[in-house]
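Student: Quick one: the structure is below, and I'll ask about it shortly.
Numbering (the numbering used here), first residue to last: 133 to 403.
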């Protein structure tokens, strides 16, 4: 029996349709960060593909790129691109490893994969406040905030997909809001509301959000009677294997110990 999908694609499409330009600030920040990281790569990329649910943001920065919808089966041909960017969508994929594998297969030899998505520290404050409020009022918990993968889990996708020289790092962005309702409006404008298949389908009483606001204000206060929450962007990069890339030494191939090397260095300095 096939397990149900974690995320509902119809609800995701509806959430993205409600998104607006004012909510694209984290998409724009992620795009800017990707561009900065590409500057550090000594390469001119000529065949670029961007996997995204928000092409209106990424097309401006990559005007000649092929824009690919982040569907289960990506419209990517094997070996066609020297750069593939998976842009702010992995955190809502039912099969993230499948997404990275497909991107890797689309790369030419020595092509670069880059990814950016929300990581495990995203909205931890909101998750905590809602969970505590629901436990207080109802004596149970519901999946109200999307679970996000930690950086180590996301980094492992690169190796599992067969990419070389894998790197994963994160950028944590603190944000202050007037209250929990302000935060939820922003999430709606971002197109990042709850799209989990198991999400509550019934009406949520305002009393739950009011209680969550009280907890938020007490546990995660910001200046000027505001609340604070965290957005965690995780950046991934890896290369399609190529003979020119540096390789790790095979186990047992080292012929001298670190101590021996240090002693030889001291001896040569003494002479």
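For every residue, glycine included, the Cβ atom is placed at its ideal position computed from N, Cα and C.
(1) State the start and end residues of the unbroken beta strand (DSSP E) segment that holds residue 304.
(2) Drop a sphere of 10 angstroms on the beta-carbon of residue 195, count the other beta-carbons inside from all chains shown, and report buried for 16 or more, exposed for fewer.
(3) Mind checking who residue 120 pairs with in its DSSP beta bridge?
(4) Helix, strand or coil: how does DSSP classify residue 188 here?
(5) Which of the three DSSP states, helix, strand or coil, is assigned to residue 177?
(6) Check the DSSP bridge columns for residue 358 and list the partner residues they point to.
(7) Excluding the five sequence neighbours on either side, which residues of its own chain have a C-beta within less than 8 angstroms of the C-beta of residue 237, listed in chain order?
(8) Looking at C-alpha atoms only, which residue of 181, 348, 296 is the closest neighbour of residue 379?
(9) Since residue 258 is in the alpha helix (DSSP H), which residue starts that stretch and which ends it?
(10) Under the assumption that residue 368 contacts residue 246 (Cβ atoms under 8 angstroms), give the Cβ distance between them as a whole number of angstroms.
(11) Please identify the residue among 372, 199, 221, 243 whose C-alpha is closest to the C-alpha of residue 215.
(12) Per the contact definition of three or more C-beta pairs closer than 8 angstroms, is the stretch 217-230 in contact with the stretch 255-273?
(13) Indicate the three-state DSSP secondary structure (helix, strand or coil) for residue 231 in the structure shown.
(14) How many whole angstroms separate the CB atoms of residue 155 and residue 321, which I take to be in contact at a CB cut-off of 8 angstroms?
(15) By alpha-carbon positions, which one of 161, 250, 324 ends up nearest to residue 408?
(16) Beta carbon of residue 304, beta carbon of residue 362: below 9 angstroms?
(17) Please go through the same chain and pick out, in chain order, the residues whose beta-carbon is closer than 7 angstroms to the beta-carbon of residue 269, but skip the five residues on each side of it.
(18) Among 265, 157, 223, 235, which residue has its Cα nearest to the Cα of residue 278?
(19) Are the Cβ atoms of residue 183 and residue 219 separated by less than 9 angstroms?
(20) Determine the burial state of residue 384: buried for a count of at least 16 other Cβ atoms within 10 Å of its Cβ, exposed for fewer.
(21) Does DSSP classify residue 220 as helix, strand or coil?
(22) Using alpha carbons as the reference points, say which of 252, 327, 332 lies closest to residue 272.
(23) Under a three-way DSSP split, which group does residue 214 fall into?
(24) Within its chain, find whatever has a CB closer than 6 angstroms to the CB of residue 299; leave out the 5 residues flanking it on each side and keep chain order.
(25) Given a threshold of 16 other Cβ atoms within 10 Å of its Cβ, counted over all protein chains shown, does residue 200 qualify as buried or as exposed?
Tutor: Result, derived from the coordinates:
(1) In the chain shown, counting from the first residue as 1, residue 304 sits at position 172. Run containing residue 304: 296-309, per the beta strand (DSSP E) assignment.
(2) The residue you call residue 195 lines up with position 63 of the chain shown. Its Cβ having fewer than 16 others within 10 Å, residue 195 is exposed.
(3) Shown here, the chain extends from 133 to 403; a query on residue 120 therefore has no answer.
(4) Residue numbering aside, residue 188 sits at position 56 when the chain shown is read from its first letter. Reduced to three states, the DSSP call for residue 188 is helix.
(5) The residue labelled residue 177 in the question sits at position 45 within the chain shown. Residue state, collapsed to three classes: coil.
(6) If you number the chain shown from 1, residue 358 lands on position 226. For residue 358, which the question treats as bridged, DSSP gives the partners 354.
(7) On the chain shown, residue 237 is found 105 positions in, with the first residue counted as 1. Correct list, in chain order: 208, 210, 211.
(8) Taking the first residue of the chain shown as position 1, residue 379 is located at position 247. The candidate whose alpha carbon is nearest that of residue 379 is 296.
(9) In the chain shown, the residue the question calls residue 258 occupies position 126. In this chain, the alpha helix (DSSP H) harbouring residue 258 covers 256-270.
(10) As a working note, residue 368 is residue 236 in the chain shown. As a working note, residue 246 is residue 114 in the chain shown. About 7 angstroms; that satisfies the 8 angstroms criterion.
(11) On the chain shown, residue 215 is found 83 positions in, with the first residue counted as 1. Out of 372, 199, 221, 243, 243 has the C-alpha closest to the C-alpha of residue 215.
(12) With the cut-off at 8 angstroms, the stretch 255-273 and the stretch 217-230 do not touch.
(13) Within the chain shown, residue 231 is the residue found at index 99, counting from 1. Annotated three-state conformation of residue 231 is helix, per DSSP.
(14) If you number the chain shown from 1, residue 155 lands on position 23. If you number the chain shown from 1, residue 321 lands on position 189. About 3 angstroms separates the two Cβ atoms, so the contact holds.
(15) Nothing can be reported for residue 408: it is not among the residues displayed for the chain, which extend from 133 to 403.
(16) Start at 1 with the first residue of the chain shown, and residue 304 comes out as number 172. Start at 1 with the first residue of the chain shown, and residue 362 comes out as number 230. For residue 304 and residue 362, yes; Cβs fall inside 9 angstroms.
(17) Taking the chain shown and counting its residues from 1, one reaches residue 269 at position 137. Once the five neighbours on either side are set aside, the close Cβ partners of residue 269 are 339, 340, 343.
(18) Taking the chain shown and counting its residues from 1, the one referred to as residue 278 is at position 146. For residue 278, the nearest C-alpha among the options comes from 223.
(19) Position 51 of the chain shown, counting from 1, holds the residue named residue 183. Position 87 of the chain shown, counting from 1, holds the residue named residue 219. Inclusion of residue 183 and residue 219 in the CB contact set at 9 angstroms is warranted, their separation being smaller than that value.
(20) Looking up residue 384 in the chain shown gives position 252. Residue placement at residue 384 cannot be trusted, given a pLDDT of 49 that sits under 50; the coordinates are not used to answer.
(21) If you number the chain shown from 1, residue 220 lands on position 88. Residue state, collapsed to three classes: coil.
(22) The residue given as residue 272 occupies position 140 in the chain shown. Distances from the CA of residue 272 to each of 252, 327, 332 were compared; the closest alpha carbon is that of 332.
(23) By one-based count along the chain shown, residue 214 stands at place 82. The answer is strand: DSSP assigns residue 214 an E or B state.
(24) For the purposes of this step, residue 299 is taken as residue 167 along the chain shown, with counting starting at 1. For residue 299, where only same-chain residues beyond five positions count, the Cβ hits under 6 angstroms are 369.
(25) Within the chain shown, the letter at position 68 stands for residue 200. Residue 200 counts as buried, since no fewer than 16 other beta carbons sit within 10 angstroms of its beta carbon.
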